[in-house]
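Residue numbers (our numbering): 25 to 607.
What follows is a set of notes on a single structure, which appears directly below.
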């Protein structure tokens with residue numbers, strides 16, 4: 025172990041500050057943790073850890089929105105700036121537009137992640153930096169090896185070891201002079217790189233998928249059976265003129281809006297976190313994408329999430345480079361949420377973006393086209409209660425919380441989980457047997473959900489079956505209770521299923537375009553101001569829920585929402601083809 029700062033010994037009593045994962049030696053009387061992520065997968069190590077003091081990077085959603093836009097502009101500019109570098113690395117002459125599609129998701133995710141942790145560390149220093157801390161930081165230089173942006177997200181950045189390393193890089197640069205930094209020479213634990221293994225069966229499935237669904241219409245939510253005929257129609261359409269947004273401001277200008285410490289760390293992180301798809305496997309991805317025919321002026325209609333789909337990014341980049349159009353499509357709660365993240369620049373700013381009804385989200389750019397949603401059409405008026413049950417459905421409790429978007433911040437995950445517990449505690453005994461909790465599926469970076477609630481509410485039933493089984497059960501239930509506005513909320517509105525929400529507006533602010541209809545939801549009692557009030561509303565309407573839900577004013581608010589954010593039509597293919605023809 026080696027001292028990094030070289031400062032003289034302090035007369036004040038020093039405290040330990042943990043920036044990695046906690047262990048059994050943690051004593052809150054002599055030790056602090058820099059953030060709640062230090063307790064990931066270690067909640068049982070320190071009893072009552074949720075009551076410890078943590079600092080929040082953002083308490084004002086307007087400031088969060090401003091910063092999200094600035095980081096998007098930073099990432100767009102940096103991705104263009106890297107064009108010459110990556111052309112030289114791979115011996116190519118691709119345009120900035122090609123590299124924007126390939127690089128931007130990677131550049132943005134790292135820029136966003138570094139900025140968010142920077143803000144969290146600086147918030148801690150601003151409020152508690154006067155304390156003379158002894159801080160162990162990692163001196164390791166690990167070799168992170170991963171396939172692509174999705175692999176980075178699922179295996180690398182949502183681990184304690186990575187966040188220890190990331191936070192160490194920031195603390196090393198911004199720690200107050202009176203903090204004593206000690207270097208941890210132990211190597212960082214690096215997740216093992218898993219080379220993708222394809223069985224003969226999966227190769228056959230992929231081949232068939234390419235034949236039937238790999239044409240000009242690909243992976244669009246809800247239109248699987250129509251992918252082939254729509255692809256055929258797009259192949260027959262006359263050539264269109266690509267739409268291009270103005271290029272971002274030069275990076276040499278944009279970087280001046282940020283501290284040099286932040287810019288230098290982002291650039292350092294980029295080269296330490298280069299995915300295989302941008303290095304050793306670049307030519308393989310490019311060769312695979314080159315197998316598809318390209319005709320200038322033709323349309324590629326692609327589904328989400330382009331951010332995480334490496335094969336699609338390469339195919340779209342080559343297509344765009346050669347004059348084809350890239351039209352992206354919606355999923356989830358886009359349009360409703362105030363702050364959109366990476367998709368606002370990766371998907372919304374292509375040749376066009378097909379939404380489920382909305383045409384603007386805050387002040388974000390995009391050629392947004394409002395159309396009925398095929399993914400929602402089969403939900404329309406589908407709800408039919410046959411079981412007196414209700415489902416409590418929430419969002420991931422991501423404790424690392426690297427995103428600059430409408431979701432909870434790292435520290436807010438604690439209150440978010442506690443709000444669920446408050447709702448359960450306030451629910452009358454007579455209704456507890458009717459409730460199921462639907463945990464967030466496939467969570468990789470969240471606080472414990474099922475164990476936490478089962479320990480406190482042994483009566484609670486858990487529904488963790490496959491998505492289709494859940495959706496079918498939901499449509500038979502009496503009531504949906506939510507604490508966020510994602511896909512399930514939107515689908516249930518379309519299905520005309522009674523809904524009660526206690527989403528915290530400080531965590532889940534809606535876009536200014538959505539404010540009028542959500543104000544109507546508040547007036548109608550659909551949105552409640554607290555978990556306690558939501559539980560009381562459930563008890564109030566439970567015995568005759570239709571008397572409340574079928575009122576003209578409630579149905580009017582629901583229809584206003586669907587017309588703006590969840591359009592449906594049995595004739596959606598005609599609407600879509602007309603809109604694409606007019607591009």
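Backbone N, C-alpha and C fix where the C-beta goes; we use that ideal spot for every residue, glycine too.
Is it buried or exposed for residue i, if we count other Cβ within 10 angstroms and need 16 for buried?
| i | result |
| --- | --- |
| residue 507 | buried |
| residue 425 | buried |
| residue 224 | Caution applies to residue 224, whose pLDDT of 46 falls short of 50 and renders its modelled position unreliable; the value that the coordinates give is listed next. So residue 224 ends up on the exposed side. |
| residue 68 | exposed |
| residue 398 | buried |
| residue 442 | exposed |
| residue 154 | exposed |
| residue 280 | exposed |
| residue 72 | exposed |
| residue 93 | buried |
| residue 25 | Because the pLDDT of residue 25 is 45, which lies under 50, any placement of that residue in the model is unreliable, and the question is left without a value. |
| residue 486 | exposed |
| residue 552 | buried |
| residue 145 | buried |
| residue 172 | buried |
| residue 576 | exposed |
| residue 247 | buried |
| residue 492 | exposed |
| residue 34 | Here the model assigns residue 34 a pLDDT of 46, short of 50, so the residue's position is not dependable and the matter cannot be decided. |
| residue 594 | exposed |
| residue 201 | exposed |
| residue 365 | buried |
| residue 317 | exposed |
| residue 43 | buried |
| residue 367 | buried |
For residue i, which beta-bridge partners are listed by DSSP?
| i | result |
| --- | --- |
| residue 460 | 415, 485 |
| residue 376 | 351 |
| residue 242 | 326 |
| residue 157 | 39 |
| residue 422 | 470 |
| residue 505 | 416, 524 |
| residue 393 | 378 |
| residue 276 | According to DSSP, which records beta bridges pairwise, residue 276 is partnered with nothing at all. |
| residue 551 | 525 |
| residue 534 | 361 |
| residue 454 | Its beta-bridge partners do not exist; DSSP assigns none. |
| residue 162 | 208 |
Since residue i contacts residue j with CB under 8 Å, what's their CB separation in whole angstroms?
| i | j | result |
| --- | --- | --- |
| residue 437 | residue 60 | 7 Å |
| residue 589 | residue 380 | 6 Å |
| residue 333 | residue 350 | With 8 Å as the limit, residue 333 and residue 350 do not qualify as a contact, their Cβ atoms being about 13 Å apart. |
| residue 328 | residue 355 | 4 Å |
| residue 409 | residue 500 | 7 Å |
| residue 353 | residue 80 | Between residue 80 and residue 353 the Cβ distance is about 34 Å, and since that is not below 8 Å, they are no contact. |
| residue 385 | residue 535 | 5 Å |
| residue 422 | residue 469 | 5 Å |
| residue 45 | residue 184 | 4 Å |
| residue 36 | residue 215 | Not quite, the Cβ-Cβ distance comes to about 39 Å (not below 8 Å), so this is no contact. |
| residue 58 | residue 41 | 6 Å |
| residue 357 | residue 514 | 6 Å |
Give the range of the beta strand (DSSP E) segment to which residue i is assigned.
| i | result |
| --- | --- |
| residue 100 | It is not in any beta strand (DSSP E) - residue 100 instead sits in the alpha helix (DSSP H) that spans 85-105. |
| residue 207 | 204-208 |
| residue 57 | 55-57 |
At what residues does the alpha helix (DSSP H) containing residue i begin and finish?
| i | result |
| --- | --- |
| residue 187 | 184-198 |
| residue 608 | An answer regarding residue 608 cannot be provided, because it is not within the stretch 25 to 607 covered by the chain. |
| residue 312 | 306-314 |
| residue 342 | 334-345 |
| residue 260 | 251-260 |
| residue 541 | 539-548 |
| residue 576 | 576-589 |
| residue 513 | 511-519 |
| residue 65 | That residue, residue 65, is in no alpha helix (DSSP H); it is neither H nor E in DSSP. |
| residue 120 | 120-152 |
Quick check on residue i - is its C-beta less than 8 Å from some C-beta in chain B?
| i | result |
| --- | --- |
| residue 94 | The structure shown contains no chain B, having only a single protein chain. |
Exercise. Evaluate the contact criterion for the region 385-396 versus the region 360-374: three or more CB pairs, one atom per stretch, below 8 Å.
Key: yes
Quiz item: Does the region 92-111 touch the region 267-274, meaning 3 or more C-beta pairs lie closer than 8 Å?
Solution: Touching, per the Cβ criterion.
Quiz item: Taking three-plus beta-carbon pairs below 8 Å as touching, is the region 446-459 in contact with the region 468-476?
Solution: no
Practice problem: Decide yes or no for the touch test of the region 559-570 against the region 450-461: beta carbon pairs closer than 8 Å, at least 3 of them. | Solution: yes
Practice problem: Decide if the region 552-562 is in contact with the region 107-121; the criterion is three or more beta carbon pairs, one per stretch, under 8 Å apart. | Solution: By the Cβ test, the region 552-562 is not in contact with the region 107-121, since fewer than three Cβ pairs between them sit closer than 8 Å.
Self-check item: Touch test, the region 283-299 against the region 159-178, Cβ-Cβ under 8 Å, three pairs minimum
Solution: Yes, since at least three Cβ pairs between the region 283-299 and the region 159-178 fall closer than 8 Å, the two stretches touch.
Practice problem: Answer yes if the region 411-419 comes into contact with the region 116-133, meaning at least three C-beta pairs across the two stretches below 8 Å, and no otherwise. | Solution: Judged by Cβ distances under 8 Å, the region 116-133 makes no contact with the region 411-419, as fewer than three pairs qualify.
Practice problem: Examine the Cβ distances between the region 168-187 and the region 144-153 and report whether three or more of them are shorter than 8 Å. | Solution: Short answer: they don't touch.
Practice problem: Would you check if there are 3 or more beta carbon pairs closer than 8 Å linking the region 528-545 to the region 357-364? | Solution: Short answer: they touch.
Quiz item: Between the region 581-588 and the region 540-551, are three or more C-beta pairs nearer than 8 Å?
Solution: yes
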